[in-house]
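Residue numbers (the working numbering): 256 to 731.
Note sheet for the following structure.
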């Protein structure tokens, strides 16, 4: 099946920008809040209210454009996209059709099949709509305008992707770029990053595009991958049966792993676009663009190369550490404090990743400070605590951001290095375990491990394992 047909995929990715206020008014963009509390006459579409553009929206949009190799349209403007929908209070959306802020960009992605460039057709600025809440008990719908007017950029790719793997690699690349820029938190579960998938299939080897459908309601990378595979199969089955693919918008139900038609797909003329009369053109001067360019941070790809060169980290470690801006910042700040990059990397790669997985947390949710991680590493390096105690203390650092030095002191967890006191304990362990002693003397090297464990238990884990090993060998 996959040999006979080629899948052609393009994405429209909506990203809510991390401004404190909305795109055309001063209302808060904070997620949550009681319904219709972050609302004013402008974002609720009251007659006679006038929009005023938020400068930060332009700066974020241009920053994303620069990071995705786009040409910035230094004189761009807004247009009205007319449509009636209950969550759209003005009956039109202010967007950009004719002169979007960014055009002709590209990003490089990497999958198991290798590297590939995906083109970006355009990035435009627009306002978000409100949100409809359907009450099945009361059989009615409520509308919450808190999200109405929240600033968005829409990133429209070229139809350059051919598989679910490429789609996910492209989305992850965009998410990391935008998170590193601080332009959005890109949380799919909160709707601050949303992807609509345009997909068609065509006989392999042909260049004419097939009829495409658009898939909506995709709120996780897994759902997107499943939706792509499902829609690909559905379209191929239709063509195999000699039936046409209908151009339409489909809604994905991730629980049922099934999509169903929402509406036939509109074209641009259906929206009766015309220039937005209430907003002047946006002029991005050379000086303003240069200021935005100068503020661009080190992005993931550059950081990855630097970590391998400057800190001598393996490729795998560097990829994990840079896969989240929060993780990368924590790594760099801790290294600046303790100057031990490989040790910091190990704590983040092993214990931190384990706890994140166990507690089903994202790296962005970590709340412990680089100071406390650095202190813990110093305690281990100085031999003040052993590895076992360190792991126990780190769980408390991770959970409650405790000061490890103060905790170790208060709980009396310092490593027991008093050789005379340890010698007495080791002698008792030898006396209490004649079988293991006999096994060791008969050449079973592993038997000493059991004796080390018994000594550690007797010292409540506070002894130095190296000292115990040395004493055991000496006494045996």
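For glycine and all other residues, C-beta sits at the position ideal for the given N, C-alpha and C.
On the criterion of 16 or more Cβ atoms from any shown chain inside 10 Å, does residue i qualify as buried, or is it exposed?
{"i": "residue 464", "result": "exposed"}
{"i": "residue 196", "result": "Because the chain spans 256 through 731 in this model, residue 196 falls outside it and cannot be assessed."}
{"i": "residue 580", "result": "buried"}
{"i": "residue 477", "result": "exposed"}
{"i": "residue 256", "result": "With a pLDDT of only 44 at residue 256, under 50, the local geometry of the prediction cannot be trusted, and no value is derived from it."}
{"i": "residue 637", "result": "exposed"}
{"i": "residue 468", "result": "buried"}
{"i": "residue 568", "result": "buried"}
{"i": "residue 289", "result": "exposed"}
{"i": "residue 607", "result": "buried"}
{"i": "residue 622", "result": "exposed"}
{"i": "residue 279", "result": "buried"}
{"i": "residue 723", "result": "buried"}
{"i": "residue 310", "result": "exposed"}
{"i": "residue 271", "result": "buried"}
{"i": "residue 392", "result": "exposed"}
{"i": "residue 461", "result": "exposed"}
{"i": "residue 275", "result": "exposed"}
{"i": "residue 616", "result": "exposed"}
{"i": "residue 401", "result": "buried"}
{"i": "residue 396", "result": "exposed"}
{"i": "residue 351", "result": "buried"}
Please tell me whether residue i and residue j are closer than 9 Å, where the distance is taken between their beta carbons.
{"i": "residue 419", "j": "residue 367", "result": "no"}
{"i": "residue 554", "j": "residue 731", "result": "no"}
{"i": "residue 592", "j": "residue 574", "result": "no"}
{"i": "residue 450", "j": "residue 315", "result": "no"}
{"i": "residue 448", "j": "residue 269", "result": "yes"}
{"i": "residue 273", "j": "residue 440", "result": "yes"}
{"i": "residue 503", "j": "residue 518", "result": "yes"}
{"i": "residue 409", "j": "residue 267", "result": "yes"}
{"i": "residue 364", "j": "residue 356", "result": "no"}
{"i": "residue 319", "j": "residue 378", "result": "yes"}
{"i": "residue 651", "j": "residue 306", "result": "no"}
{"i": "residue 300", "j": "residue 341", "result": "no"}
{"i": "residue 483", "j": "residue 330", "result": "no"}
{"i": "residue 531", "j": "residue 349", "result": "yes"}
{"i": "residue 586", "j": "residue 335", "result": "no"}
{"i": "residue 494", "j": "residue 501", "result": "no"}
{"i": "residue 328", "j": "residue 361", "result": "no"}
{"i": "residue 261", "j": "residue 498", "result": "no"}
Since I believe residue j is in contact with residue i (beta carbons under 8 Å), could you give me their beta-carbon distance rounded to a whole number of angstroms?
{"i": "residue 453", "j": "residue 265", "result": "5 Å"}
{"i": "residue 536", "j": "residue 386", "result": "That pair is no contact at about 31 Å."}
{"i": "residue 375", "j": "residue 412", "result": "6 Å"}
{"i": "residue 599", "j": "residue 589", "result": "5 Å"}
{"i": "residue 681", "j": "residue 710", "result": "6 Å"}
{"i": "residue 576", "j": "residue 562", "result": "6 Å"}
{"i": "residue 414", "j": "residue 259", "result": "About 19 Å separates the two Cβ atoms, so there is no contact after all."}
{"i": "residue 685", "j": "residue 668", "result": "With 8 Å as the limit, residue 685 and residue 668 do not qualify as a contact, their Cβ atoms being about 26 Å apart."}
{"i": "residue 627", "j": "residue 584", "result": "Not confirmed; about 15 Å, so no contact."}
{"i": "residue 526", "j": "residue 337", "result": "6 Å"}
{"i": "residue 552", "j": "residue 435", "result": "6 Å"}
{"i": "residue 445", "j": "residue 407", "result": "That pair is no contact at about 14 Å."}
So, with DSSP's three-state summary, where would you put residue i?
{"i": "residue 256", "result": "Any reading at residue 256 must be qualified, since the residue scores a pLDDT of 44, below 50, and its modelled position is unreliable; no value is offered."}
{"i": "residue 570", "result": "helix"}
{"i": "residue 660", "result": "helix"}
{"i": "residue 360", "result": "strand"}
{"i": "residue 602", "result": "helix"}
{"i": "residue 705", "result": "helix"}
{"i": "residue 811", "result": "One cannot answer for residue 811 here, as it falls past the ends of the chain, which runs 256 to 731."}
{"i": "residue 438", "result": "coil"}
{"i": "residue 582", "result": "helix"}
{"i": "residue 453", "result": "strand"}
{"i": "residue 643", "result": "helix"}
{"i": "residue 615", "result": "coil"}
{"i": "residue 540", "result": "coil"}
{"i": "residue 393", "result": "coil"}
{"i": "residue 372", "result": "strand"}
{"i": "residue 405", "result": "coil"}
{"i": "residue 412", "result": "strand"}
{"i": "residue 620", "result": "helix"}
{"i": "residue 383", "result": "coil"}
{"i": "residue 424", "result": "helix"}
{"i": "residue 700", "result": "coil"}
{"i": "residue 366", "result": "strand"}
{"i": "residue 271", "result": "strand"}
{"i": "residue 553", "result": "coil"}
(request) At 3 residues or longer, and completely inside the stretch 275-356: list those beta strand (DSSP E) runs for me, N to C. (result) Annotation: the stretch 275-356 contains the following complete segments of the beta strand (DSSP E) (minimum length 3 residues), in chain order: 334-337, 347-350.
(request) Let me know the alpha helix (DSSP H) ranges lying completely inside the stretch 455-532, each 4 residues or longer, listed in chain order. (result) Whole alpha helix (DSSP H) segments, 4+ residues: 476-495.
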